[in-house]
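Novice: To start, I am sharing the structure in question, which I have written as structure tokens.
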Amino acid sequence: MIEFKILKKSKISRARLGLLKTENGVVETPCFAPVATQAAVKTLTSEEVEQTKTQILIANTFHLHLKPGEKIVESAGGLHKFMNWPKPLMTDSGGFQVFSLGFGRDFGTGKILKTKTDSLIRKGQQPKLIKITGGGVFFTSPLNGQKIFLGPRESIKIQESLGADIIFTFDECTAPLADYEYTKNSLARTHRWAEICLKSKKSGQALFGIVQGGKFKDLRIESAKFIGSLPFDGFGIGGEFGDNKKIMAQMIDWVIKELPEEKPRHLLGIGRLEDIAKIIKAGIDTFDCIAPTRFARHGIAFVSEGELDMSKTKFSEDKNPLDKKCSCFVCRNYRRNYINHLFRAGEITALKLLTFHNLYFFNSEIANIREKIKKGKF
RNA sequence: GCGCAGGUGGCAGAGCGGUCAAAUGCAUCAGACUGUAAAUCUGACGCCCUUGUGGCUACGGGGGUUCGAAUCCCUCCCUGCGCA
Numbered sequence: 006m007i008e009f010k011i012l013k014k015s016k017i018s019r020a021r022l023g024l025l026k027t028e029n030g031v032v033e034t035p036c037f038a039p040v041a042t043q044a045a046v047k048t049l050t051s052e053e054v055e056q057t058k059t060q061i062l063i064a065n066t067f068h069l070h071l072k073p074g075e076k077i078v079e080s081a082g083g084l085h086k087f088m089n090w091p092k093p094l095m096t097d098s099g100g101f102q103v104f105s106l107g108f109g110r111d112f113g114t115g116k117i118l119k120t121k122t123d124s125l126i127r128k129g130q131q132p133k134l135i136k137i138t139g140g141g142v143f144f145t146s147p148l149n150g151q152k153i154f155l156g157p158r159e160s161i162k163i164q165e166s167l168g169a170d171i172i173f174t175f176d177e178c179t180a181p182l183a184d185y186e187y188t189k190n191s192l193a194r195t196h197r198w199a200e201i202c203l204k205s206k207k208s209g210q211a212l213f214g215i216v217q218g219g220k221f222k223d224l225r226i227e228s229a230k231f232i233g234s235l236p237f238d239g240f241g242i243g244g245e246f247g248d249n250k251k252i253m254a255q256m257i258d259w260v261i262k263e264l265p266e267e268k269p270r271h272l273l274g275i276g277r278l279e280d281i282a283k284i285i286k287a288g289i290d291t292f293d294c295i296a297p298t299r300f301a302r303h304g305i306a307f308v309s310e311g312e313l314d315m316s317k318t319k320f321s322e323d324k325n326p327l328d329k330k331c332s333c334f335v336c337r338n339y340r341r342n343y344i345n346h347l348f349r350a351g352e353i354t355a356l357k358l359l360t361f362h363n364l365y366f367f368n369s370e371i372a373n374i375r376e377k378i379k380k381g382k383f
């Protein structure tokens, strides 16, 4: 079980300062959760992740079900022991894979639409490789074509075996191309699944219900009201976030107003550097995103100036640390020219150094924000 | 000196008479990435412009055969290997 305590509410925004207590430790919120899909933050050991001041991780039900299978994790004593991460853990339900391996893959789109397209996903339409039904989703593993069925009961059962502190309801993350009717229909299904998840859970893990509804205000509000009315331990806000960033904050706003105040809210899959302040001000307590880790592997350092592509030649003679104000071991000990060299030389150390820095930098930025909230300045 | 094999875009390396401004890989440059199929993906990559079934210059140098040559012939230069 978890306990959520709100220490302070901002008077100038919806931001709040809180403590999320779990059996494996306390999370100071607002807080970022790095993504450890396959029970690992890519390039880092769990010990290294701890050194980035990370408080909580999120792993993935779908991927761990495929490999190595929840039985193996369970027999290892659960995810915490399996990956030697003694701190709080979340598992995503597999609902994101309904999108990422479905329409996301078919249309080559992410959760936020970049370019306007005429193609819309209409009610009744199915992705090429997966089949979404009322009872759950038939996946085709992209790895080997294996067929996997995941519904609310299956997802909860797997998540119980994995043993994270916080688990999520099985939902359908809808695509930004989904039209109103598709989204409405999908939402009804996601709501039904949420109730089933709630009923089928036997463990003492905290269960977060996920709000969907796409870009449609009435659906978002309807979803927040419905999910918010159920006895979840907290709430996830998922799905697409519109055609541009301006809409995103507004969409969070629609939802947050409808959710019970005393419970934690997790924003699923959002967290580029530029988003942090906005989403915390919108009232988000925790959020996860692959950006700091994946971008690191693609050469991007998150620093005070913004996102720097450390693989560019312009850094080949730059003797500065990644960020002058950052106190992580990478910034204390290494210079940009070295990291640039590592990238150009294809050395995997480059990926590790940037991953470490990005996480540390993210966590520091958010720690600063917590301080500001405490002082009433955020 | 003789014999053999070669000289192709930044590099490696295909092509061996037209569909070749020239495969592919690497390198380079630019862009993307938001609950991770991602140490990934996309695009550009001879020069010029009015950006096009456009123009120009190109496959070691020079000459030739041919309607047409990176591709065939002659010659020169260079490289590698072998033999003196």
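Its first residue numbered 6, the first sequence is counted upward by one per residue in my numbering. Ideal Cβ positions, reconstructed from N, Cα and C, are used throughout, including at glycine. Because the structure is a prediction, the values reported are computed rather than measured.
Let me know if G23 comes out buried or exposed under the rule of 16 or more other beta-carbons within 10 Å of its beta-carbon.
Specialist: So G23 ends up on the buried side.
Novice: Output the boundary residues of the alpha helix (DSSP H) element that contains N190.
Specialist: 185 to 205 is the span of the alpha helix (DSSP H), which, as asked, contains N190.
Novice: Can you check the segment 69 to 127 for any beta strand (DSSP E) of at least 3 residues that lies completely inside it and give the ranges in chain order?
Specialist: The qualifying runs are 94 to 97.
Novice: Are A38 and M88 close, meaning C-beta to C-beta below 7 Å?
Specialist: It is not a contact, given that the beta carbons lie outside the stated cut-off.
Novice: Identify whether T174 lies in helix, strand or coil by the three-state DSSP scheme.
Specialist: In this structure, T174 counts as coil in the three-state DSSP scheme.
Novice: For N338, count neighbouring C-beta atoms within 10 Å of its own C-beta (all shown protein chains included) and say buried if the count is 16 or more, exposed if not.
Specialist: Looking at its Cβ environment, which holds fewer than 16 other Cβ atoms inside 10 Å, N338 is exposed.
Novice: Are Q217 and G241 touching if we call contact CB-CB under 7 Å?
Specialist: The answer is no: Cβ separation not under 7 Å.
Novice: For N345, I'd like the list of residues in its chain whose CB is within less than 6 Å of its CB, leaving aside the five on either flank, ordered along the chain.
Specialist: So the qualifying residues of the chain are M315, F320, S321.
Novice: To the nearest angstrom, how far is it from the Cα of L94 to the Cα of P297?
Specialist: Taking the straight line from one Cα to the other gives about 18 Å.
Novice: Is the number of C-beta pairs between the segment 76 to 85 and the segment 108 to 122 that are closer than 8 Å three or more?
Specialist: Judged by Cβ distances under 8 Å, the segment 76 to 85 makes no contact with the segment 108 to 122, as fewer than three pairs qualify.
Novice: With E53 as the anchor, note down where its alpha helix (DSSP H) starts and where it stops.
Specialist: E53 -> alpha helix (DSSP H) spans 51 to 56.
Novice: Please say whether G288 and P269 have beta carbons closer to each other than 7 Å?
Specialist: Not in contact: P269 and G288 (Cβ atoms no closer than 7 Å).
Novice: Going by alpha carbons, who is nearest to C294 out of L278, K382, N342?
Specialist: Nearest option by C-alpha distance: L278.
Novice: CA-CA distance, K92 and T59?
Specialist: When rounded, the distance between both Cα atoms is 9 Å.
Novice: Mapping DSSP to helix, strand and coil, what is P181?
Specialist: Three-state result, P181: coil.
Novice: At the level of alpha carbons, what is the spacing between T50 and F9?
Specialist: Taking the straight line joining both Cα atoms gives about 29 Å.
Novice: Compare the C-alpha of G129 against each of R194, V46, T360 and name the closest.
Specialist: Comparing Cα positions, the closest option is R194.
Novice: Rounded C-beta distance between T318 and T34? I'm assuming under 8 Å.
Specialist: Between T34 and T318 the Cβ distance is about 41 Å, and since that is not below 8 Å, they are no contact.
Novice: Among the candidates N149, K119, I215, whose CA atom is the shortest distance from the CA of P181?
Specialist: Nearest C-alpha to P181: K119.
Novice: Please report how far the alpha carbon of L69 lies from the alpha carbon of E53, in whole angstroms.
Specialist: Their backbone Cα atoms lie some 21 Å apart in a straight line.
Novice: Any idea which residues DSSP pairs F154 with across the strands?
Specialist: F154 is bridged to F143.
Novice: Given this structure, state the Cα-to-Cα distance separating L313 from I305, to the nearest angstrom.
Specialist: Roughly 5 Å between the two C-alpha positions.
Novice: Give a yes or no on whether the C-beta atoms belonging to G141 and G156 are separated by under 7 Å.
Specialist: Cβ distance < 7 Å, so G141 and G156 count as in contact.
Novice: Checking the sheet assignment: what are the DSSP bridge partners for V32?
Specialist: The partner list for V32 (beta bridge, DSSP) reads L25.
Novice: Check whether the Cβ atoms of V40 and I63 sit closer than 7 Å, and answer yes or no.
Specialist: Taking 7 Å as the Cβ cut-off, V40 and I63 qualify as a contacting pair.
Novice: Let's see if you can read the secondary structure: which residues bound the alpha helix (DSSP H) around H384?
Specialist: A question about residue 384 goes unanswered here, because the residues of the chain that appear run from 6 up to 383.
Novice: Please name the residue, chosen from V31, L25, T145, D170, that lies closest to D3 on a Cα-to-Cα basis.
Specialist: Because the chain here runs from 6 to 383, residue 3 falls outside it and cannot be looked at.
Novice: On the three-state DSSP scale, how would you describe E312?
Specialist: The answer is strand: DSSP assigns E312 an E or B state.
Novice: I need the DSSP call for L359, collapsed to helix, strand or coil.
Specialist: Reduced to three states, the DSSP call for L359 is helix.
Novice: What residues match up with D293 in a beta bridge as DSSP calls it?
Specialist: Beta-bridge pairing links D293 to A38.
Novice: Going straight from the alpha carbon of K72 to that of E266, what length do you get?
Specialist: Looking at the two C-alpha atoms, the distance is approximately 37 Å.
Novice: Assuming contact is defined by CB atoms lying nearer than 7 Å, are D184 and R127 in contact in what I supplied?
Specialist: Their beta carbons are under 7 Å apart, which means D184 touches R127 by this criterion.
Novice: Return the residue from the list K220, I135, D328 that minimises the CA-CA distance to D248.
Specialist: Here the closest residue by C-alpha is K220.
Novice: So, using beta-carbon positions, are I137 and F173 closer together than 7 Å?
Specialist: Not in contact: I137 and F173 (Cβ atoms no closer than 7 Å).
Novice: Mind checking who F9 pairs with in its DSSP beta bridge?
Specialist: According to DSSP, F9 bridges with L25.
Novice: Quick check on P132: buried or exposed, where buried means 16 or more other Cβ atoms within 10 Å of its Cβ?
Specialist: With 16 or more other Cβ atoms within 10 Å, it is buried.
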